[in-house]
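Numbering (our numbering), first residue to last: 1 to 264. A short write-up of the structure that comes next.
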Amino acid sequence: MEGALLILFLLLLIASPRRKNKGFKALIKQANTVSSSNSDEKVDEETIRKLHLEENNNSDSISEPSSQLQLPSNYQKQNHSVSSIELDDEKCYGRVVFAASNNMQVGKSEWVELLISIDLKADLRRELVRDYKHEEIKAYIIKIHKLIKARLDGNNFKIQISSEEIQLLEFNTIAEWRWLVIPQKAGQQELVLTLWKIFQVQASNPTIAKLKTFKKVIKVKVNPRYWIQSNWLKVMQILIAIASTGIVSYIYKNWSSIKKFFGF
Numbered sequence: 001m002e003g004a005l006l007i008l009f010l011l012l013l014i015a016s017p018r019r020k021n022k023g024f025k026a027l028i029k030q031a032n033t034v035s036s037s038n039s040d041e042k043v044d045e046e047t048i049r050k051l052h053l054e055e056n057n058n059s060d061s062i063s064e065p066s067s068q069l070q071l072p073s074n075y076q077k078q079n080h081s082v083s084s085i086e087l088d089d090e091k092c093y094g095r096v097v098f099a100a101s102n103n104m105q106v107g108k109s110e111w112v113e114l115l116i117s118i119d120l121k122a123d124l125r126r127e128l129v130r131d132y133k134h135e136e137i138k139a140y141i142i143k144i145h146k147l148i149k150a151r152l153d154g155n156n157f158k159i160q161i162s163s164e165e166i167q168l169l170e171f172n173t174i175a176e177w178r179w180l181v182i183p184q185k186a187g188q189q190e191l192v193l194t195l196w197k198i199f200q201v202q203a204s205n206p207t208i209a210k211l212k213t214f215k216k217v218i219k220v221k222v223n224p225r226y227w228i229q230s231n232w233l234k235v236m237q238i239l240i241a242i243a244s245t246g247i248v249s250y251i252y253k254n255w256s257s258i259k260k261f262f263g264f
């Protein structure tokens, strides 16, 4: 009897570590699963923290008379207090998509779009009016504000905005800006998008602070039809010169000028 009890006791000692080891492995697996599921959240929090520090260091604010501000049509000043306009600078971030064609032609108009949503999970690329399926469209997360002003600039572009420059951001909605741009010069050109936040609206001089600047390099190609329409007088002079001297002789004598003229 005592021998049987001793054998049973030894069996329990041998079996119990195995059960403990099995449970420990399960806990390790569970911990790894939890850790991996939370890793994205940690990365997002770290990204937002860095963005917050960067934006604070690069902040640029100016005051502008309220009479010069064209507030959006869906904003009613009497229905909003300052506290309801201003969002929490520490926590309020939004999703942004800035879309412009990588390739354009001189004299041919193209749409440039900006979409902003308070919903960080919103797939804004599906909301784009123009078809950008052959181009890479990136979404960004930046600090936002209730009232956003967006401005598009480019040295060698004609730019006309077709939406309100200042817009009110609201939950469950997407704010959209659209510009019609016409390139004026061939080569590598740059579009610059600047976002501003507007606060202290009820004051006589509301404050406008820069939030973010985006730059987009556009490869602008020569548009033969537009080029001829814009330079028809020079074209006629060239044709007359060729007719009188011969094409080969003309090209040989004026090769450097031709390269400069066509942008070679």
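C-beta: ideal position from N, C-alpha, C; glycine also.
Cβ-based neighbour list, residue i, same chain, cut-off 8 Å, excluding 5 preceding and 5 following
i      : result
Val106 : Pro183, Gln184, Lys185, Ala186, Val220, Lys221, Val222, Asn223, Tyr226, Trp227
Whole-angstrom distance between residue j and residue i, CA atom to CA atom
i      : j      : result
Leu168 : Ala175 : 7 Å
Ile118 : Glu110 : 27 Å
Asn254 : Gln188 : 26 Å
Thr213 : Phe98  : 11 Å
Lys302 : Leu191 : Nothing about residue 302 can be reported from this structure: the residues present for the chain run from 1 to 264 only.
Ser257 : Lys158 : 27 Å
Met104 : Glu165 : 24 Å
Ile116 : Arg126 : 13 Å
Leu128 : Leu193 : 17 Å
Val96  : Pro206 : 24 Å
Ile218 : His145 : 29 Å
Unbroken beta strand (DSSP E) run spanning residue i, endpoints
i      : result
Leu169 : Segment: none, Leu169 is in no beta strand (DSSP E) and carries neither H nor E.
Ser265 : There is simply no residue 265 to check, as the chain begins at 1 and stops at 264 in what is shown.
Ile266 : As displayed, the chain neither begins before 1 nor continues past 264, which places residue 266 out of reach and without an answer.
Arg95  : 93-99
Ala186 : From DSSP, Ala186 is part of no beta strand (DSSP E); its letter is neither H nor E.
Leu128 : Looking at the DSSP string, Leu128 is not in any beta strand (DSSP E), and its letter there is neither H nor E.
Ala150 : 147-153
Lys212 : 207-221
Asn103 : 103-105
Lys158 : 157-161
Own chain residues within Cβ distance below 6 Å of residue i, not counting five before or after
i      : result
Trp177 : Leu114, Ala150, Ser163
Arg130 : Trp111
Gly154 : Leu191
Ala122 : Arg95
Val34  : A caution first: Val34 carries a pLDDT of 31, below 50, which makes its placement in the model unreliable, though a value can still be read off. Here the set comprises nothing.
Asp40  : Residue placement at Asp40 is poorly supported in this model, since its pLDDT is 38, which falls under 50; the coordinates still yield a value, given next. No residues qualify anywhere along the chain.
Ser36  : Note on Ser36: pLDDT 34, under 50, position unreliable in the model; the coordinate value appears next. So no residue of the chain qualifies.
Residue i and residue j closer than 8 Å at C-beta
i      : j      : result
Tyr93  : Lys138 : no
Ile135 : Ser101 : Correcting the residue type first, residue 135 is Glu in the shown sequence and not Ile. Closer than 8 Å, so yes.
Ile198 : Leu152 : no
Ile141 : Leu120 : yes
7 Å Cβ shell around residue i - same chain, five flanking residues per side excluded
i      : result
Leu180 : Ser109, Trp111, Gln160, Ser162
Phe171 : Ile118
Tyr132 : Ala99
Asn156 : Pro183, Gln184, Lys185, Gln189
Ile240 : none
Thr173 : none
Any non-hydrogen atom of the ligand HEM closer than 7 Å to residue i Cβ
i      : result
Asp119 : Among the components of this structure there are no ligands whatsoever, and the ligand HEM is therefore not found.
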